[in-house]
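Peer 1:
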Amino acid sequence: MSYLVSVDGGGTKTQFTISDLSGNILGNITTGSSNYKSVGIDTAYENINLGLEGMYKDLNINKKDVIRAVFGISGYDSQDDYEIILNIIKKTGLKEEQIYLYNDAVLAFYAQADEPGIVIISGTGSIVLGINSYGGIFRSGGWGYNFSDLGSGYEIGRKALRETLLYCDGCRKYSILFDYILRYYEESSFNNLPYKITSISNNYEIANIATLVILAADLKDYLAMEILEESAKDLSIASINVLDKISKSAEDKLSIVLSGGVFSSNLYRKLVIENIKNMSNCAKIRFLLQENAPVYGGLKLAKKLL
Numbered sequence: 001m002s003y004l005v006s007v008d009g010g011g012t013k014t015q016f017t018i019s020d021l022s023g024n025i026l027g028n029i030t031t032g033s034s035n036y037k038s039v040g041i042d043t044a045y046e047n048i049n050l051g052l053e054g055m056y057k058d059l060n061i062n063k064k065d066v067i068r069a070v071f072g073i074s075g076y077d078s079q080d081d082y083e084i085i086l087n088i089i090k091k092t093g094l095k096e097e098q099i100y101l102y103n104d105a106v107l108a109f110y111a112q113a114d115e116p117g118i119v120i121i122s123g124t125g126s127i128v129l130g131i132n133s134y135g136g137i138f139r140s141g142g143w144g145y146n147f148s149d150l151g152s153g154y155e156i157g158r159k160a161l162r163e164t165l166l167y168c169d170g171c172r173k174y175s176i177l178f179d180y181i182l183r184y185y186e187e188s189s190f191n192n193l194p195y196k197i198t199s200i201s202n203n204y205e206i207a208n209i210a211t212l213v214i215l216a217a218d219l220k221d222y223l224a225m226e227i228l229e230e231s232a233k234d235l236s237i238a239s240i241n242v243l244d245k246i247s248k249s250a251e252d253k254l255s256i257v258l259s260g261g262v263f264s265s266n267l268y269r270k271l272v273i274e275n276i277k278n279m280s281n282c283a284k285i286r287f288l289l290q291e292n293a294p295v296y297g298g299l300k301l302a303k304k305l306l
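Per full-length UniProt numbering, the very first residue in the sequence shown carries number 1; after that it's consecutive.
1) My output table needs one value for Lys-248: the three-state DSSP class, helix, strand or coil.
2) Among all the DSSP beta bridges, which residues are the ones paired with Tyr-102?
3) Who are the near neighbours of Leu-267 in its chain, counting only those whose CB is closer than 8 Å to its CB and skipping five residues on each side?
4) Which class does Lys-253 belong to by DSSP, given the choice of helix, strand or coil?
5) Mind checking if Ala-217 is an interface residue toward chain C, Cβ cutoff 8 Å exclusive?
6) Please work out which residues of its chain come closer than 7 Å, Cβ to Cβ, to Ile-61, disregarding the five sequence neighbours upstream and downstream, and give them in chain order.
7) Counting C-beta neighbours from all protein chains within 10 Å, is the total for Leu-193 16 or more, i.e. buried, or is it exposed?
8) Going by the DSSP bridge assignment, what does Val-66 pair with across the sheet?
9) Specify the secondary structure class of Thr-211 as computed by DSSP and reduced to three states.
10) How about Ile-99 and Leu-107: are their beta carbons less than 8 Å apart?
11) Output the distance between the C-alpha atoms of Glu-53 and Ser-19, rounded to the nearest integer angstrom.
12) Note down, one range per segment and in chain order, each alpha helix (DSSP H) of at least 4 residues found wholly within the segment 87-170.
13) Nearest by alpha-carbon distance to Lys-91: which of Val-7, Gly-153, Asn-49 is it?
14) Whose C-beta lies closer than 7 Å to the C-beta of Glu-251 among residues of the same chain, with five residues either side of it excluded?
15) Out of Lys-300, Asp-179, Ser-231, which has the shortest C-alpha to C-alpha gap to Lys-270?
16) Give a yes or no on whether the C-beta atoms belonging to Ser-148 and Val-70 are separated by under 8 Å.
17) Flag this pair as touching only if the segment 110-129 and the segment 285-295 have three or more C-beta atom pairs under 8 Å; answer yes or no.
18) Could you check if residue 335 is buried or exposed, using at least 16 other CB atoms within 10 Å of its CB as the buried criterion?
19) Residues bridged to Leu-289 by DSSP?
20) Secondary structure at Lys-220, three-state DSSP: helix, strand or coil?
21) I need the DSSP call for Ser-231, collapsed to helix, strand or coil.
22) Apply the 10 Å Cβ neighbour rule to Tyr-195 and answer buried if 16 or more other Cβ atoms are within range, or exposed otherwise.
23) Name the residue from Ile-200, Asn-278, Glu-186, Gly-125 whose alpha carbon lies nearest to the alpha carbon of Ser-152.
24) Give the range of the alpha helix (DSSP H) segment to which Phe-178 is assigned.
25) At the level of alpha carbons, what is the spacing between Leu-166 and Ala-238?
26) Would you list the residues sitting across from Trp-27 in a DSSP beta bridge?
27) Just the C-alpha distance for Leu-301 and Glu-115, rounded to the nearest angstrom, thanks.
28) Please go through the same chain and pick out, in chain order, the residues whose beta-carbon is closer than 7 Å to the beta-carbon of Val-128, but skip the five residues on each side of it.
29) Tell me the DSSP bridge mates of Lys-284?
30) On a CA-only basis, which of Thr-43, Tyr-180, Ile-25, Ser-22 is nearest Thr-14? Give me that one, please.
31) Just how far apart, CA to CA, sit Leu-223 and Ala-210?
32) Return the CA-CA distance between Ser-22 and Val-272, expressed in angstroms with no decimal places.
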């Protein structure tokens with residue numbers, strides 16, 4: 001019997017699923033992060049190998065019977081990344097002819113839609129990735145928190161913390177957002193808050209502040225609205241750039257998948273959708289909120305590759 005394997009490797013966890021050639025799912029397993037830029041090469045290998053070997057053992061199958069293994073791995077951004085990640089995967093015993101390696105955003109797209117279209121991911125980080133009718137892949141963003149990832153949870157949180165520091169220094173007028181951040185850090189006075197903010201070293205903690213911005217924006221707070229509107233505009237511009245690369249005419253039918261935790265906000269989702277509709281020349285755009293786990297997009301892609 002032959003099998004298809006899909007692996008969705010993120011910054012916090014890696015999800016595995018296996019199916020027969022008809023797409024019937026036979027098993028699932030989850031391990032830790034496989035982004036070598038976050039956890040290192042050795043840990044990335046251990047987590048990938050643990051998941052694969054766990055599935056093989058649970059189902060009593062031989063890895064030689066896996067004819068397509070699709071990997072969507074976060075941190076795959078360049079040819080150098082490709083070589084590093086491919087070598088990690090090959091250490092598990094899979095042969096190069098079995099392995100199909102993509103950025104994890106590709107799996108998110110195929111889990112929800114078919115080409116042509118784009119996926120806009122706004123979670124801790126952000127990326128826009130498009131796939132044309134011929135399978136060609138184009139991207140914008142996703143180059144890292146310090147240089148890119150516009151419209152992401154991290155970027156929204158960073159802006160909020162910056163404005164809070166400026167308020168503490170007497171350089172900004174009051175916003176309810178500042179009180180939310182004060183309570184989040186369990187401080188009773190703004191005098192000590194700068195010390196808490198400037199000691200943050202965890203990108204995920206910064207991204208979590210985006211939830212406070214969304215709460216304040218839902219109450220029509222001026223600053224929170226400004227931050228969300230600016231972030232949504234940046235993400236929309238990146239999306240239009242990718243749309244223009246995959247669309248040949250205004251009559252093309254395109255799918256846009258909205259993925260990531262920030263899009264759980266109705267307000268933010270609406271801002272991005274309205275911006276894209278106003279900026280785009282495409283008349284036939286279908287917006288889809290990510291509902292299916294990206295790992296299942298890998299199985300769908302594996303079947304296409306048969």
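Even for Gly, the Cβ is constructed at its ideal location relative to N, Cα and C.
Peer 2: Once the coordinates are examined:
1) Taking the first residue of the sequence shown as 1, we reach residue 248 at position 248. Shown here, Lys-248 sits in coil according to DSSP, grouped into three states, outside any helix or strand.
2) If you number the sequence shown from 1, residue 102 lands on position 102. When beta bridges are read from the DSSP output, Tyr-102 appears opposite Gly-72.
3) Taking the first residue of the sequence shown as 1, we reach residue 267 at position 267. Counting only Cβ-Cβ distances below 8 Å, and skipping sequence neighbours, we find Ile-214, Ala-217, Asp-218, Leu-228.
4) Here residue 253 refers to the residue found at position 253 when the sequence shown is read from its first residue. In this structure, Lys-253 counts as strand in the three-state DSSP scheme.
5) You won't find chain C in this structure, because it holds only one protein chain.
6) Your numbering for residue 61 matches position 61 in the sequence shown. Only Tyr-3 meet the Cβ criterion.
7) In the sequence shown, the residue the question calls residue 193 occupies position 193. Here Leu-193 is buried: its Cβ has 16 or more other Cβ atoms, across all protein chains shown, within 10 Å.
8) As a position in the sequence shown, residue 66 is number 66, starting the count at 1. DSSP, once it has assigned bridges, lists Tyr-3 as partnering Val-66.
9) Indexing the sequence shown from 1 puts residue 211 at position 211. Note: Thr-211 maps to helix in three-state DSSP.
10) Position 99 of the sequence shown holds residue 99. Position 107 of the sequence shown holds residue 107. Not closer than 8 Å, so no.
11) Your numbering for residue 53 matches position 53 in the sequence shown. Your numbering for residue 19 matches position 19 in the sequence shown. Rounded to whole angstroms, Glu-53 to Ser-19 spans 15 Å at the Cα level.
12) 104-112, 153-168
13) Working through the sequence shown from its first residue, we reach residue 91 at position 91. It is Asn-49 whose Cα lies nearest to the Cα of Lys-91.
14) In the sequence shown, counting from the first residue as 1, residue 251 sits at position 251. Closer than 7 Å at Cβ, skipping near neighbours: Ala-283, Lys-284.
15) Working through the sequence shown from its first residue, we reach residue 270 at position 270. Looking at the Cα atoms, Ser-231 is the closest of the given residues.
16) The residue given as residue 148 occupies position 148 in the sequence shown. The residue given as residue 70 occupies position 70 in the sequence shown. Cβ distance not < 8 Å, so Ser-148 and Val-70 don't count as in contact.
17) Taking 8 Å as the limit for Cβ pairs, the verdict is that the segment 285-295 does touch the segment 110-129.
18) What the structure shows of the chain is the stretch from 1 to 306, and residue 335 is not part of that stretch, so it cannot be assessed.
19) Working through the sequence shown from its first residue, we reach residue 289 at position 289. Answer is Leu-258.
20) Here residue 220 refers to the residue found at position 220 of the sequence shown. Per DSSP, reduced to three states, the secondary structure at Lys-220 is coil, with no helix or strand assignment.
21) Working through the sequence shown from its first residue, we reach residue 231 at position 231. Three-state DSSP puts Ser-231 in a helix.
22) By 1-based counting over the sequence shown, the position of residue 195 is 195. Classification for Tyr-195: exposed.
23) For the purposes of this step, residue 152 is taken as the residue at position 152 of the sequence shown. Checked all of Ile-200, Asn-278, Glu-186, Gly-125; the closest Cα to Ser-152 is Gly-125.
24) Position 178 of the sequence shown, counting from 1, holds the residue named residue 178. It spans 176-184 - the alpha helix (DSSP H) in which Phe-178 sits, taken as one unbroken run.
25) Working through the sequence shown from its first residue, we reach residue 166 at position 166. Working through the sequence shown from its first residue, we reach residue 238 at position 238. Taking the straight line joining both Cα atoms gives about 28 Å.
26) For this step, residue 27 is matched to residue 27 along the sequence shown. Note that residue 27 is Gly in the sequence shown here, rather than Trp. Beta-bridge pairing links Gly-27 to Ile-18.
27) As a first step, residue 301 must be located in the sequence shown, where it is residue number 301. As a first step, residue 115 must be located in the sequence shown, where it is residue number 115. So the two alpha carbons sit approximately 11 Å from each other.
28) Here residue 128 corresponds to residue number 128 of the sequence shown, with the count starting at 1. Cβ neighbours of Val-128 beyond the five flanking positions: Ile-118, Ile-120, Arg-139, Ser-140, Gly-141, Ala-238, Ser-239, Val-242.
29) The residue labelled residue 284 in the question sits at position 284 within the sequence shown. Note: Lys-284 sits in a beta bridge opposite Lys-253.
30) Against the sequence shown, residue 14 aligns to sequence position 14. If we check each option's Cα against that of Thr-14, Thr-43 comes out closest.
31) Residue mapping note: residue 223 aligns to position 223 of the sequence shown, counting from 1. Residue mapping note: residue 210 aligns to position 210 of the sequence shown, counting from 1. Their Cα atoms are separated by approximately 13 Å.
32) Your numbering for residue 22 matches position 22 in the sequence shown. Your numbering for residue 272 matches position 272 in the sequence shown. Using only the alpha carbons, I get a separation of about 37 Å.
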